[in-house]
Amino acid sequence: MSVHELPNEWAGQYLRLYSNPGAKISNQRLKEVQAACNRLAEEVVDYARKNNVEKLVAILAGPATIYLAKRVSELMPVPFVPIIWDPIDYVAENRGFDKGAVEQIMKDFAVLMKRADICGVASPGMKVEIELRYGTECEVIINPVVLSEEGTLQRDNSKFRIGFAGSIYARKEMETLLHALNHLGWKAKGRQLSLWILGHSFDLPIHSPASRADFRFLGFLPEPQAREVLSQVDVGYLPYWFDKKFSRCVRQCFPNKLSLYLSSATPVLYHGPADSSVERFMTSYPVGSSCNVLDTKVLADTIANLVDDQCFRERCTLARKEAVRDILGSEPYLTRLANLLKVKKEDLNSGFDCLTLEQADDTGSQTKLMTAQQ
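Quick note on numbering that gives the first Met the number 0: the sequence shown kicks off at 0 and runs consecutively.
What follows is the structure, encoded as structure tokens:
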């Protein structure tokens, strides 16, 4: 394995230094990223040739990996397989690049996609978008769910526990959950409602008398411990943006929270648009319940109905087993990965000469590139 430092692609850090940066600073930053990636590509190609690499796999997590993969694929004429987890234009905008720079990144991304033999994508929705726009064959690659058994602790039926794990990106939706709990007085059908938060921080106001709110902030937990804790809750809350500016992500991404809840045998309360990857998945595999409007009363009613549904968890457990058997288990995952890499399934364990470009760490100030021969 070889690790290199990539150029800082977060244009936003530079743009915030100016009251009115305009396109000049954003384009300058993009050119710096391109130049640095072109220099680094020479080292990557040298590494690949020394190790007799026969295939290039690149996880395109931002402009830096796009421009690095673009240059490496020019210098090294081997089969090229990109993998995409998030819409590229959304990622570029999130990095702080302005409209003109994003358009240039998308033009260069289109050139790169023409070189791709096949592309790994995060969801069926992204598969449709990529194949229609670029004509590149796609394979849906969803990381396999690590199955946990039902929680072993005896459940306190006087309470209904709602769990939430991860960072709070959909803030308006999370605020609506808090308003819904307040609307219910933190009680439904005679059961105390409890909210368990697993994450680095929680900075939203509860706005409820301490005597009513049953709120537990458990902090960040490693995934095995998080699965164990979540297996004790009654439902895992999964909010997704209703704001139309995030519609590309909502339609195309497969959120990690969903995989985490499923791996912990936790039914899902999805709160987000109907036109989404999550809703389509839950239509095929009803692993929970949905609320598709940003409305306090409707969400409160949805929660109350779940509390009153005695068969809810049993139905979700059956649906989860079907989803794991069909698409989320290790066997379906290995089959799709073999299709993506154009190798036999058994060769995934024996090894083959493949160079993987992946951002191993992205903190906004430093990004590292991991190149590994498989």
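For glycine and all other residues, C-beta sits at the position ideal for the given N, C-alpha and C.
Item: Find out if the Cβ-Cβ distance for the pair residue 65, residue 104 is shorter than 8 Å.; Value: yes
Item: In whole angstroms, what separates the C-alpha of residue 128 from that of residue 251?; Value: 8 Å
Item: Taking the runs of the alpha helix (DSSP H) that are 4 residues or longer, which of them lie wholly in the stretch 283 to 312?; Value: 295 to 307
Item: Which complete alpha helix (DSSP H) runs does the stretch 205 to 252 hold, if anything under 4 residues is left out?; Value: 222 to 229, 246 to 251
Item: May I ask which residues mark the beginning and end of the alpha helix (DSSP H) holding residue 389?; Value: Lying outside 0 to 373, the shown extent of the chain, residue 389 is not represented and no answer is given.
Item: What are the start and end residues of the alpha helix (DSSP H) that includes residue 262?; Value: 255 to 262
Item: Going by DSSP, which residues form a beta bridge with residue 185?; Value: For residue 185, which the question treats as bridged, DSSP gives no partner whatsoever.
Item: Which residue or residues does DSSP assign as beta-bridge partners of residue 270?; Value: 238, 290
Item: Contact defined as beta carbons within less than 8 Å: I believe residue 55 pairs with residue 77. What is the distance between those atoms, to the nearest angstrom?; Value: 6 Å
Item: My guess is that residue 159 and residue 193 are in contact by the Cβ rule of under 8 Å, so how many angstroms apart are they, rounded?; Value: 7 Å
Item: Which whole-angstrom value describes the C-beta separation of residue 255 and residue 272, a residue pair presumed to lie in contact below a C-beta threshold of 8 Å?; Value: The Cβ separation is near 18 Å, so there is no contact.
Item: Using CA atoms only, rank isn't needed, just tell me which of 36, 46, 90, 324 is closest to residue 69.; Value: 36
Item: Decide if residue 216 is buried, meaning its Cβ has at least 16 other Cβ atoms within 10 Å, or exposed.; Value: exposed
Item: Tell me whether residue 180 sits in a helix, a strand or coil according to DSSP, three-state version.; Value: helix
Item: Taking 8 Å as the threshold, find out whether the stretch 109 to 125 comes into contact with the stretch 273 to 282 through three or more Cβ pairs.; Value: yes
Item: Assess, as a yes-or-no matter, whether the stretch 325 to 332 is touched by the stretch 292 to 308 under the definition of 3 or more beta carbon pairs within less than 8 Å.; Value: no
Item: On the three-pair Cβ rule with 8 Å, is the stretch 135 to 148 touching the stretch 313 to 329?; Value: yes
Item: Where DSSP assigns a beta bridge to residue 195, which residues make up the other side?; Value: 162, 215
Item: Have a look at residue 178 and residue 25 and give me their C-alpha separation to the nearest angstrom.; Value: 39 Å
Item: With the cut-off set at 8 Å, would you say residue 269 and residue 229 are in Cβ contact?; Value: no
Item: If you follow the alpha helix (DSSP H) that residue 129 is in, where does it begin and where does it stop?; Value: 123 to 133
Item: By Cβ distance, which residues of its chain are closer than 7 Å to residue 344, with the 5 residues on each side in sequence left out?; Value: 333, 334, 337
Item: Assign residue 131 to buried or exposed, taking buried as 16 or more other Cβ atoms, counted over all protein chains shown, within 10 Å of its Cβ.; Value: exposed
Item: Throw me the rounded Cβ distance for the residue 234 and residue 267 pair, which I believe falls under 8 Å.; Value: 7 Å
Item: Where residue 281 and residue 231 are concerned, what is the direct C-alpha to C-alpha distance, given to the nearest angstrom?; Value: 22 Å
Item: Check the C-beta distance from residue 164 over to residue 218 and give it rounded, since I have them as a contact under 8 Å.; Value: Residue 164 to residue 218, Cβ: 11 Å. No contact.
Item: Quick one: is residue 119 buried, meaning 16 or more other Cβ sit within 10 Å of its Cβ, or exposed?; Value: buried
Item: In chain order, what residues of the same chain lie with their CB nearer than 7 Å to the CB of residue 263, ignoring the 5 residues before and after it?; Value: 147, 226, 229, 230
Item: Please state the DSSP three-state secondary structure of residue 314.; Value: helix
Item: Going by the DSSP bridge assignment, what does residue 81 pair with across the sheet?; Value: 57
Item: Helix or strand or just coil, what does DSSP make of residue 319?; Value: helix
Item: Three-state secondary structure (DSSP) at residue 94?; Value: coil
Item: For my contact list, residue 157 and residue 191 are in at a C-beta cut-off of 8 Å; report their separation, rounded to the angstrom.; Value: 6 Å
Item: If you draw a straight line from the alpha carbon of residue 325 to that of residue 86, how long is it in whole angstroms?; Value: 25 Å
Item: Would you identify the three-state DSSP class for residue 115, choosing helix, strand or coil?; Value: strand
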